[in-house]
Amino acid sequence: MTATSPSAAEPSEYAELQISGLTAGYTSVDVLRDASLVVGAGEVVLLTGHNGAGKSCLVETVFGLIAPSSGTITWLGEDITGLSPRALLKRGIVLVPQGGGVVKNLTVWENLQLIAPNLAVDRSKSAKSEANNAAYAVLDQVPFLAERRNQIAGSLSGGQLRLLSIARALIAQPKLLIIDEPFLGLSGTSGDLILDLFDQMQQLGDRFSVIVVEQQLFRLTGRIDRYYAMNQGQIIRNGDGEELWSLDTEELWSLS
Amino acid sequence: MSYQLFLQVFANGLFTGILFGGIAVALAVCNLADRSLHVAIGSVIALVAYFWLAIIRGELPVVLGFVLLVGIALAGNLICLAIYRWLSRRGVNAEGIVVASFGLLIAGNSALELIYGTELESMRAPWLQGNVKLGVVRFYYGDLLMSVVVLSMMAGLWAALRFGGLSLQLRSVFHDSREAAIAGVNIPMIQVLAYCFSAVLVIIIALAIGSRSSVHPHMGFFPLLIGIAALVTGGLGSVRSAFLSGVAMGIIWDFVGIYFGTVWQFASVFGILAVVLLTAPEGLFSLKFRWRRKATKHSV
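Heads up: the sequence lines are chains A and B, in that order. Remember, the working numbering sits 97 above the position in the first sequence when you count from 1. Remember, the working numbering sits 925 above the position in the second sequence when you count from 1.
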């Protein structure tokens, strides 16, 4: 097992997403301090840590919901620090936030449709209709949503909402998918449905990169290429997936 | 009270209500777009009224005058929005922005007072003050024009929220701007649209109040208070409820003025607000929402 310090996240040739020295917070207090990590092409990267470690703050900063006070975020060589979520979505970066990701007063179908016009990189009709067609394709792929297409999203259960949220991310055909606590508060069955969808997504076309924030590590056994563990706003440890699963239970527990 | 007087008071109350409803909607749309309370709208109302006086004094053509008026109302509202966004980017929360908006109101009113003094001025729009009698009820042109504009804008907003490509984007921001942002909705664009819509309402509100009473630096403060009362009574989060509670308050306002005297008008509006806050603190809209949810509980 190799436990590495944050400074080990050096610039890398294969990195698609590179975060260097990121500091950010929800108010004037910095929650995230000098965090650095890299995500390679097609990698599934786990971000774990105790409650309040700064995991959600990190992914929300990457997605432009929080403005960083210092540090840089680079995506495919382009500096995307401080770009809006809309601009990031057009670059193929999609966030499925913790416990939400849908507008609860809209119907299931409206939620799927909502994202489509915002994905088009230009204002041409063909780009918009292509994105709209992707919304129809998702309904075919996830029959559960097709059955409930006219149902108000707020009336769905927690697991169903999470499925809708992940299915909506599919429409965006992401190059980088960021999922924050996908299994939070879900039963085993609902969690399995999400894992099935997750696997389906990974098998579709080009494999895309994923950052998954999770504390329930056992759910992701065998699915992680690399991990980063956080504590008090800093990355305290990282390594590859195999190393993570070779840790004993006590060590795993201490990480999450 | 004769039935003629009753009908006349009701008609006047309806027009007053549409005016109050218009103010509440101008506030509600801004609130839905950025979750702030655009209190500085009071200064923009006074600014537009004074600008109208300048246009009349300068004897500019009416069309050019209206174009300039739209420009000044848009500039007033959009400058406020730019300040709110600048504050928001620096981590100021919604409550802090409301306080800043009060600051803008005071600064704006003080600036107008320094420039124009505190004297009351006449609106000088005789074509707004003419009237026509239908049966036993007299209708003033200014009231009719104001009602047509406010109701047309309400119809336009209703259509925009239900039809067309922008409908979903608007509704998503109005319901949950954070989730809308995550779905890539252009939040700044929606905010600009909302403040522009509010600016057009501000023009008609300024002209209606100026022609009903007079123009002075603090003329926007009274409609602002009524607008906030209507907004809270209807429940934050619903344009329709804000408008309807504004209309109801206008009718009550005029009847109370006739039956009990004008000193009771403010007391009646804020009495209703107090009752609503005590019985349904989230506003009448939330009450209706709860009933609707109960009714559909088993169907979903």
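For every residue, glycine included, the Cβ atom is placed at its ideal position computed from N, Cα and C. Bear in mind the structure is a predicted one, so any value in this text is a computation, not a measurement.
Ends of the alpha helix (DSSP H) at G1055(B)? Taking the second sequence and counting its residues from 1, the one referred to as residue 1055(B) is at position 130. First-last for G1055(B): undefined, no H or E at that position.
Can you tell me where the alpha helix (DSSP H) holding A1000(B) begins and where it ends? If you number the second sequence from 1, residue 1000(B) lands on position 75. 987-1014 is the extent of the alpha helix (DSSP H) around A1000(B).
Under the DSSP definition of a beta bridge, which residues are partnered with S306(A)? Working through the first sequence from its first residue, we reach residue 306(A) at position 209. Beta-bridge pairing links S306(A) to L273(A).
For chain B, find out if any of its Cβ atoms is closer than 8 Å to the Cβ of A164(A); answer yes or no. Within the first sequence, numbered from 1, the residue matching residue 164(A) stands at position 67. Yes - at least one Cβ of chain B is within 8 Å of the one on A164(A).
Count the CB pairs spanning the region 241-255 of chain A and the region 184-202 of chain A that are closer than 8 Å, and state whether there are at least three. yes
Within the region 1163-1217 of chain B, note down every full alpha helix (DSSP H) run reaching 4 residues or more, in order along the chain. 1164-1184, 1190-1204
Rounded distance between the beta-carbons of G1001(B) and A1131(B), thought under 8 Å: Reading the second sequence from its first residue, position 206 is the one you call residue 1131(B). Reading the second sequence from its first residue, position 76 is the one you call residue 1001(B). Not really, about 10 Å apart at Cβ, beyond 8 Å.
For Q297(A), count the other beta carbons within 10 Å of its own beta carbon; 16 or more makes it buried, fewer makes it exposed. Which is it? Counting from 1 along the first sequence, the entry for residue 297(A) is found at position 200. With fewer than 16 Cβ atoms within 10 Å of its Cβ, Q297(A) is classed as exposed.
Assuming T158(A) contacts L129(A) (C-beta within less than 8 Å), just tell me the rounded distance between them. By one-based count along the first sequence, residue 158(A) stands at place 61. By one-based count along the first sequence, residue 129(A) stands at place 32. Confirmed, Cβ separation roughly 6 Å.
Tell me which residue opens and which closes the alpha helix (DSSP H) that L930(B) is part of. As a working mapping, residue 930(B) is identified with position 5 in the second sequence. Per DSSP, L930(B) belongs to the alpha helix (DSSP H) from 928-959.
Using a Cβ cut-off of 8 Å, which residues of the region 957-970 of chain B contact any Cβ in chain A, in chain order? none
Residues near Y1065(B) by beta carbon distance below 6 Å, same chain, minus five either side: The count along the second sequence starts at 1 and reaches residue 1065(B) at position 140. N1056, listed in sequence order.
Residues from the region 192-207 of chain A in contact with chain B, defined by Cβ distance under 9 Å: L192, V193, P194, G197, G198, V199, V200, K201, N202, L203, E207
Helix, strand or coil for V1110(B), going by three-state DSSP, please let me know. As a working mapping, residue 1110(B) is identified with position 185 in the second sequence. Note: V1110(B) maps to coil in three-state DSSP.
Does DSSP put I177(A) in a helix, a strand or coil? Residue mapping note: residue 177(A) aligns to position 80 of the first sequence, counting from 1. In this structure, I177(A) counts as coil in the three-state DSSP scheme.
Three or more C-beta pairs closer than 8 Å, one from the region 325-343 of chain A and one from the region 285-294 of chain A: is that the case here? no
Can you say whether E348(A) is buried or exposed, counting buried as having 16 or more other CB atoms within 10 angstroms of its CB? Position 251 of the first sequence, counting from 1, holds the residue named residue 348(A). E348(A) is exposed by the Cβ-count criterion.
Which listed residue (H1141(B), L978(B), I966(B)) has its alpha carbon closest to that of I1004(B): Taking the second sequence and counting its residues from 1, the one referred to as residue 1004(B) is at position 79. The candidate whose alpha carbon is nearest that of I1004(B) is I966(B).
When the Cβ atoms of the region 931-941 of chain B are set against those of the region 149-164 of chain A, are three or more pairs found closer than 8 Å? no
Decide if D277(A) is buried, meaning its Cβ has at least 16 other Cβ atoms within 10 Å, or exposed. By one-based count along the first sequence, residue 277(A) stands at place 180. Buried, by the Cβ-count rule.
Which residue or residues does DSSP assign as beta-bridge partners of D337(A)? Locating residue 337(A) in the first sequence gives position 240, where the first residue counts as 1. DSSP output for D337(A) lists R323(A) as bridge partner(s).
Alpha carbon to alpha carbon, how far is T124(A) from G149(A)? As a first step, residue 124(A) is located in the first sequence; it is residue number 27 there, counting from the start. As a first step, residue 149(A) is located in the first sequence; it is residue number 52 there, counting from the start. For T124(A) and G149(A), the distance between alpha carbons rounds to 14 Å.
Note the first and the last residue of the continuous beta strand (DSSP E) segment covering R130(A). The residue you call residue 130(A) lines up with position 33 of the first sequence. Here the beta strand (DSSP E) through R130(A) covers 129-137.
Quick check on S167(A) - is its C-beta less than 8 Å from some C-beta in chain B? Here residue 167(A) refers to the residue found at position 70 of the first sequence. No, its Cβ sits nowhere closer than 8 Å to a Cβ of chain B.
Meets three-Cβ-pair contact criterion under 8 Å: the region 943-952 of chain B and the region 1103-1117 of chain B: no
Strictly below 8 Å CB to CB, what residues from chain A border D1101(B)? Residue mapping note: residue 1101(B) aligns to position 176 of the second sequence, counting from 1. Those within 8 Å of D1101(B) in chain A are V200, K201, N202.
Check E113(A) in the structure and name its three-state DSSP category. Position 16 of the first sequence, counting from 1, holds the residue named residue 113(A). E113(A): strand per DSSP, three-state reduction.
Within 10 angstroms of the Cβ of F1099(B), are there 16 or more other Cβ atoms? Answer buried if so, exposed if not. Translated into the one-based positions of the second sequence, residue 1099(B) becomes position 174. Flag for F1099(B) reads buried.
Taking 8 Å as the CB-CB cut-off, is R1087(B) touching chain A? Locating residue 1087(B) in the second sequence gives position 162, where the first residue counts as 1. No, because no Cβ of chain A sits closer than 8 Å to the Cβ of R1087(B).
For chain B, is any of its Cβ atoms less than 8 Å away from the one on S125(A)? Translated into the one-based positions of the first sequence, residue 125(A) becomes position 28. Yes, its Cβ sits closer than 8 Å to a Cβ of chain B.
Buried or exposed, going by whether 16 or more other CB atoms sit within 10 Å of the CB of N247(A)? The residue you call residue 247(A) lines up with position 150 of the first sequence. So N247(A) counts as exposed.
Classify Q312(A) as helix, strand or coil using the three-state DSSP reduction. One-based indexing of the first sequence puts residue 312(A) at position 215. Coil, per DSSP.
Between the region 134-149 of chain A and the region 306-326 of chain A, do three or more beta carbon pairs fall short of 8 Å? yes
The region 1013-1043 of chain B: which residues have C-beta closer than 8 Å to a C-beta of chain A, in chain order? R1014, G1016
For chain A, find out if any of its Cβ atoms is closer than 8 Å to the Cβ of A1220(B); answer yes or no. Residue mapping note: residue 1220(B) aligns to position 295 of the second sequence, counting from 1. With a pLDDT of 44 at A1220(B), under the threshold of 50, the predicted position of this residue should be treated as unreliable, though the coordinate-derived value follows. By this cut-off, A1220(B) is not an interface position.
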